[in-house]
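Quick note: to get this note's numbering, add 5 to the position in the sequence shown (first position is 1).
Beta carbons: idealized from backbone N, C-alpha and C, even for Gly.
On a predicted model such as this, the values are computed, not experimentally measured, just so you know.
Structure first, commentary second.
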Amino acid sequence: MKIHVEDLMLYHSAPSNLSEAMLYSQNAPMNHEMNDTAKKQYNVLLDIIDLCAIYY
6 MKIHVEDLML
16 YHSAPSNLSE
26 AMLYSQNAPM
36 NHEMNDTAKK
46 QYNVLLDIID
56 LCAIYY
């Protein structure tokens, strides 16, 4: 992933619709398992969200 510090610092999220977020988060089959690359990318995303929660 090529994310620059400036991009993270200047990022402004667009308003989102919570029902759409719920729809997309519940679309995986019950027995679905992420591969290792997807797990790493997901963990990076969670870390970014945690950092945003600290600074905003």
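Cα atoms of I53 and E38: separation of roughly 22 Å, rounded to the nearest angstrom. By the criterion of a C-beta distance shorter than 7 Å, N48 is surrounded by no residue of its chain, once the five residues flanking it on both sides are discounted.
Secondary structure at Y60: helix, using DSSP grouped into helix, strand and coil.
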